[in-house]
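The numbering of the sequence shown is my numbering, which starts it at 776 and goes up by one.
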Amino acid sequence: MYRDKKIALSIPAYNEERLIGKTVETVPAFVDRIYVVNDASTDETGKRLQELAAKHKRLAIITNPKNRGIGYSVTAGLRQAVKDGADVAGIMAGDAQCDPAYMQGMIDCLLDENVDYVKANRFLHAQALQQMPVYRRIGNIFITLLTKFATGYYSIFDTQNGYGMFRRSLLLKIPWELIGERYDYENTLLIALSILGAKIKDVAVPAIYGDETSTIKFWPVAMRALRVVSAGFWKRIYYSYVIYNFHPIALFLFSGLMLLMLGILIGVWIVVIRFMWGLTPSTGTVMLCVLPVLTGFQLVLTALMLDINRENKSI
C-alpha cells in the first residue's frame, strides 16, 4: 500500500531470463502486487519466474500459451490488476531499464495532480539521454512526432517509453480490444486515451542501459507505427470533434483539406496546359490555384492551433 492506495505493476517478459530477476527484486516494497506476463518465452524465463514467485508472495505469473506480443502482455497484467482491485496500476519493462526509484514520485504526481496517467520521459534527462543508442533516439523522435498529431498530446514526448502509472478510474474505461498487441500498443493506447479525454503528464525518468540486446527492428516497427498513427488520427478527429462534441476544428480541418486538394488539382491542370499544350495561363487562372491553397492552408493551421489549445482538457 502507498498512501492508502493498492498499487499493482504489470511487467511483460519475453526471453528475459537474465534481467527479470533484477527487475522484480528492485520493485519498491509499497507495490502490493506484481504481475509478470511470460509471453511464451523460449529460454529459462519461466523457470526463473517460478523461483522468484517462491521468494516473493506478491508476484503473480501470467503465462501466454503462445507469443502474443508486448502489447497483449502489458494489457493482460493491467486487466488483472483492475480485477484484483488495484487503485493504481503501472507498467514497467522486464529488461531492468526502468528505474524503480522514480516510481514513488510518479505515483505522487498521479495522486496529487489532476491527471489520469503519468508516464516517464527519458528525453527530459539530458545526461541520461546521451546514453540512449543513436538509432533508438532517432526512431523514438520520429514515432513521437507522429504520435503527437495522432493523439493531440502535443506536450508529451518519448511515447515509446513503456513506464507509467494509471488511475483505476481510467483503466476501467479503456477499450482493451482496440489496443495493439505488438510494439504499437503505446501508440494505440495513447490514441484511445485521447478519445476518452484522459489527462496525461510526463515525468523526467532516465533509462538504465546495460548490455541487453534489443529485438526491435526499426523499419518494420516504424512503418507499422506510421499506419497505426495515421488511422488513429482520423479516428480521434471523428470521435472527439464530430461524434462526442462537434467542434469547429473538424469544420476547419475538413474544409481546409478539401480546398488544398482543389488548389493542387488546379495547379496540376495549369502545369499540364502550360507544358503539354503550350498555353500560357492567365492571372485569373493562376489565382484559381493560389487562393484555395492559401485559404486551405490557413484553415488547416487554425485547426491545428485549436487542437493544441484543447490538449489535456476534458471532452
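Heads up, the beta-carbon is just placed ideally off N, CA and C, and yes, glycines get one too.
With burial defined as no fewer than 16 other Cβ atoms inside 10 Å of the residue's Cβ, what is the status of Gln905: buried or exposed? Here residue 905 refers to the residue found at position 130 of the sequence shown. Result: exposed.
Please report how far the alpha carbon of Gly1031 lies from the alpha carbon of Leu1076, in whole angstroms. The residue you call residue 1031 lines up with position 256 of the sequence shown. The residue you call residue 1076 lines up with position 301 of the sequence shown. If I take the Cα positions, the gap works out to 9 Å.
Would you identify the three-state DSSP class for Leu834, choosing helix, strand or coil? By one-based count along the sequence shown, residue 834 stands at place 59. Looking at Leu834 - three-state DSSP - the assignment turns out to be strand.
Distance check for Ile845 and Gly865, CA to CA, integer angstroms please. For this step, residue 865 is matched to residue 90 along the sequence shown. For this step, residue 845 is matched to residue 70 along the sequence shown. Each residue's alpha carbon lies about 15 Å from the other.
Tell me the rounded alpha-carbon separation between Leu968 and Tyr877. Along the sequence shown, one-based indexing puts residue 968 at 193. Along the sequence shown, one-based indexing puts residue 877 at 102. Straight-line Cα distance between these residues: approximately 23 Å.
With DSSP as the reference, identify every bridge partner of Lys780, one or two as the case may be. Translated into positions along the sequence shown, residue 780 becomes position 5. Answer by DSSP bridge pairing, in chain order: Tyr777.
How long is the line joining the alpha carbons of Trp1009 and Met867, rounded to whole angstroms? Here residue 1009 corresponds to residue number 234 of the sequence shown, with the count starting at 1. Here residue 867 corresponds to residue number 92 of the sequence shown, with the count starting at 1. Using only the alpha carbons, I get a separation of about 29 Å.
Just verifying my parser: in three-state terms, what is the DSSP assignment at Met1033? The residue given as residue 1033 occupies position 258 in the sequence shown. In this structure, Met1033 counts as helix in the three-state DSSP scheme.
Look at the Cβ atom of Ile1048, then the Cβ atom of Ser1015, and state whether they are nearer than 7 Å. The sequence position of residue 1048 within the sequence shown is 273, counting from 1. The sequence position of residue 1015 within the sequence shown is 240, counting from 1. Cβ atoms of Ile1048 and Ser1015: not closer than 7 Å.
Anyone know if the C-beta pair for Asp862 and Lys781 falls short of 7 Å? Residue numbering aside, residue 862 sits at position 87 when the sequence shown is read from its first letter. Residue numbering aside, residue 781 sits at position 6 when the sequence shown is read from its first letter. Against a cut-off of 7 Å, the Cβ pair of Lys781 and Asp862 comes out as a contact.
With distances taken between CB atoms, is the gap from Ile1083 to Ala1000 smaller than 7 Å? Taking the first residue of the sequence shown as position 1, residue 1083 is located at position 308. Taking the first residue of the sequence shown as position 1, residue 1000 is located at position 225. No, these two residues do not count as a Cβ contact at 7 Å.
Can you tell me the Cα-Cα spacing of Lys974 and Leu1081, whole angstroms? Taking the sequence shown and counting its residues from 1, one reaches residue 974 at position 199. Taking the sequence shown and counting its residues from 1, one reaches residue 1081 at position 306. If you take the alpha carbons of Lys974 and Leu1081, they lie about 17 Å apart.
What are the start and end residues of the beta strand (DSSP E) that includes Phe941? The count along the sequence shown starts at 1 and reaches residue 941 at position 166. Looking at the DSSP string, the run of the beta strand (DSSP E) that includes Phe941 is 939-942.
Given this structure, state the Cα-to-Cα distance separating Thr838 from Lys858, to the nearest angstrom. Here residue 838 is taken as the residue at index 63 of the sequence shown, counted from 1. Here residue 858 is taken as the residue at index 83 of the sequence shown, counted from 1. Each residue's alpha carbon lies about 17 Å from the other.
Closer than 6 Å: is that where the CB of Glu826 sits relative to any heavy atom of the ligand SAM? As presented, the structure is devoid of all ligands, the ligand SAM included, so that no description of it is given.
Per DSSP, the bridge partner or partners of Asp807: Position 32 of the sequence shown, counted from the first residue, corresponds to residue 807. DSSP, once it has assigned bridges, lists no residue as partnering Asp807.
Please tell me whether Leu1028 and Met940 are closer than 7 Å, where the distance is taken between their beta carbons. If you number the sequence shown from 1, residue 1028 lands on position 253. If you number the sequence shown from 1, residue 940 lands on position 165. Going by C-beta atoms, Leu1028 is not nearer than 7 Å to Met940.
Does DSSP put Val893 in a helix, in a strand, or in coil? As a first step, residue 893 is located in the sequence shown; it is residue number 118 there, counting from the start. Strand.
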